[in-house]
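**Q** Sharing a structure, written as structure tokens. Questions coming.
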Amino acid sequence: MAISSRNKGTPHGTTNTSHTILYADAQVLHLHHIGSEGVAGLPEFMGSWSVDDRTILQYDSNTMHMDADAPIPDWLSSNEGPSHWRRMNFVSRMIRRFLARLYQTHGYCQLNPDGTMHTSVSHGYNGKDFVTFDIPARTWAAAVPQAVHLVKCRANRAFDLENLYYYYNYECIERLKTILKYAPWIHDKKVPEVGVIESRGLRIPSKVEVTCHVTGFYPRAVQVEWLGTEGLPLVDGVSSGEVLPNGDGSYQLRKSLTLPQGAQYTQHYSCLVLHSSVAGNITVNWGKAPRGGAVRETSSVTSKSDHGMTQSTTYQELQAHVTVFAPTERKLLSCYK
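Below you can see the structure in the form of structure tokens.
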């Protein structure tokens with residue numbers, strides 16, 4: 000399955016406009032570098048490496064050493080560990096040439112199950128997009144007029160372009176493979192737990208809101224849909240929250256469906272969850288029983304809201320079944336001395 004998504008952000012507010020195609024079993028190494036000058040509380044340079052959303056290495060110029068958040072001491076004590084430190088140090092020196100208040104870079108390399116790769120590099124200045132580098136085409140593009148001079152200057156540095164291309168298409172991928180070798184737990188996935196919560200009269204007395212609560216899943220990418228009687232995704236009356244982190248490294252998401260009171264007695268609805276940890280999907284039924292099945296209510300609680308309205312919350316037993324899995328859809332060199 001391929002899920003098309005846009006990164007919501009990177010550390011310290013870095014923006015990222017690259018559009019990433021995330022395959023269910025793809026592995027992505029993210030490289031974040033931040034250089035600052037005169038920003039209280041921030042080192043002159045910070046760097047972090049993460050696979051998907053799990054931080055592997057962190058470095059800052061105040062401590063002048065690399066911290067490993069992942070339990071991979073064998074890797075750090077090998078010949079490969081110091082080479083990562085040297086590259087962090089090199090990027091730190093290069094970023095200082097910008098003399099910017101806050102200069103940020105984000106690059107990543109993605110290794111897909113079929114062996115194909117996807118790479119991207121973008122730079123930000125004071126929290127806004129500045130320049131991007133098209134790795135396959137070996138070309139820079141300015142995101143703002145102030146970056147045009149830098150783009151022209153970098154475009155004339157053939158050696159620099161080739162080094163960036165080589166780093167993200169070869170070195171970055173090799174680093175990713177090394178991390179996966181010494182930290183196999185990164186492959187671990189957590190199957191989502193799915194439950195349906197029904198609330199009546201909570202906001203509008205004549206309406207019922209049913210929420211599909213999906214929690215405990217990893218990795219972060221997930222797709223949740225409310226399906227109607229015909230088995231097609233619903234749009235009207237559907238609202239979704241953000242994917243939020245749990246305290247144990249897993250994630251949760253809520254997606255709600257608002258309907259007229261009594262709709263559950265005449266129509267059948269279901270919450271469909273697609274996640275890379277399951278070969279098929281997880282489906283929880285709600286409302287009128289589908290043909291050949293039944294929805295069992297396990298408990299019901301009636302209480303008074305702050306506005307004096309009666310609200311009834313019904314917790315339904317999770318009924319999951321697996322069906323066919325259907326897809327949806329640096330080398331950093333400055334021109335300034």
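Numbering that gives the first Met the number 0 puts the last residue of the sequence shown at 336; the count rises by one with no breaks.
Ideal Cβ positions, reconstructed from N, Cα and C, are used throughout, including at glycine.
Could you give the distance in angstroms between the alpha-carbon of THR115 and the alpha-carbon of GLN26?
**A** One C-alpha to the other measures close to 11 Å.
**Q** Pair every Cβ in the stretch 140-153 with every Cβ in the stretch 167-180, then say whether three or more of these pairs are closer than 8 Å.
**A** Flag = no, the stretch 140-153 and the stretch 167-180 do not touch.
**Q** Since CYS213 and GLN251 are thought to touch, with beta carbons under 8 Å apart, how far apart are those beta carbons, to the nearest angstrom?
**A** First, the residue type needs correcting, since residue 213 is Val and not Cys in the sequence shown. Right, their Cβ atoms sit about 6 Å apart.
**Q** Alpha carbon to alpha carbon, what distance is there between GLU197 and SER238?
**A** When rounded, the distance between both Cα atoms is 14 Å.
**Q** Look up VAL294 in the DSSP assignment and say whether it is helix, strand or coil.
**A** With a pLDDT of only 41 at VAL294, under the threshold of 50, the placement of this residue in the model should not be trusted; the figure read from the coordinates follows. Coil, per DSSP.
**Q** Once you ignore the five residues that flank LEU110 on each side, which residues in its own chain have a CB closer than 7 Å to its CB?
**A** So the qualifying residues of the chain are ALA25, GLN26, MET116, ILE172, LEU175.
**Q** Using DSSP with H/G/I as helix, E/B as strand and the rest coil, what is LEU41?
**A** Coil, per DSSP.
**Q** Count the other CB atoms within 10 Å of the CB of PRO120; is the residue buried (16 or more) or exposed (fewer)?
**A** Reading off the sequence shown, one finds Val at residue 120, where the question assumed Pro. Buried is the call here.
**Q** With 16 other CB atoms within 10 Å as the buried threshold, where does TYR165 fall?
**A** So TYR165 counts as exposed.
**Q** Given this structure, state the Cα-to-Cα distance separating THR210 from ALA154, to the nearest angstrom.
**A** When rounded, the distance between both Cα atoms is 52 Å.
**Q** DSSP three-state call for GLN145: helix, strand or coil?
**A** GLN145 falls in the helix class under three-state DSSP.
**Q** Using DSSP bridges, identify the partner residues of SER139.
**A** The question names Ser, but residue 139 in the sequence shown is Trp. In the DSSP output, where bridge partners are listed per residue, TRP139 has PHE132.
**Q** Can you give me the Cβ contacts of LYS189 inside the same chain, cut-off strictly under 8 Å, excluding the 5 residues immediately before and after it?
**A** If we look at LYS189 and ignore the five residues flanking it on each side, its Cβ neighbours are GLY215, PHE216, TYR217, SER249, SER276.
**Q** On a Cα-Cα basis, can you pick out the residue from PRO232, GLY246, GLY236 that is closest to SER269?
**A** Checked all of PRO232, GLY246, GLY236; the closest Cα to SER269 is PRO232.
**Q** Per DSSP, which residues does ASP247 bridge with? Please list them.
**A** ASP247 pairs with nothing; no bridge assigned.
**Q** Assuming LEU271 contacts GLU224 (C-beta within less than 8 Å), just tell me the rounded distance between them.
**A** Between GLU224 and LEU271 the Cβ distance is about 5 Å, and since that is below 8 Å, they are a contact.
**Q** Buried or exposed for GLU208, going by 16 or more other Cβ atoms inside 10 Å?
**A** Buried: at least 16 other Cβ atoms inside 10 Å.
**Q** By alpha-carbon positions, which one of THR104, PRO244, ASN61 ends up nearest to ARG253?
**A** Checking every option, the nearest Cα to that of ARG253 belongs to PRO244.
**Q** Less than 8 Å between the CB atoms is what I'm expecting for GLY106 and LEU179, so what's the real figure, rounded?
**A** With 8 Å as the limit, GLY106 and LEU179 do not qualify as a contact, their Cβ atoms being about 18 Å apart.
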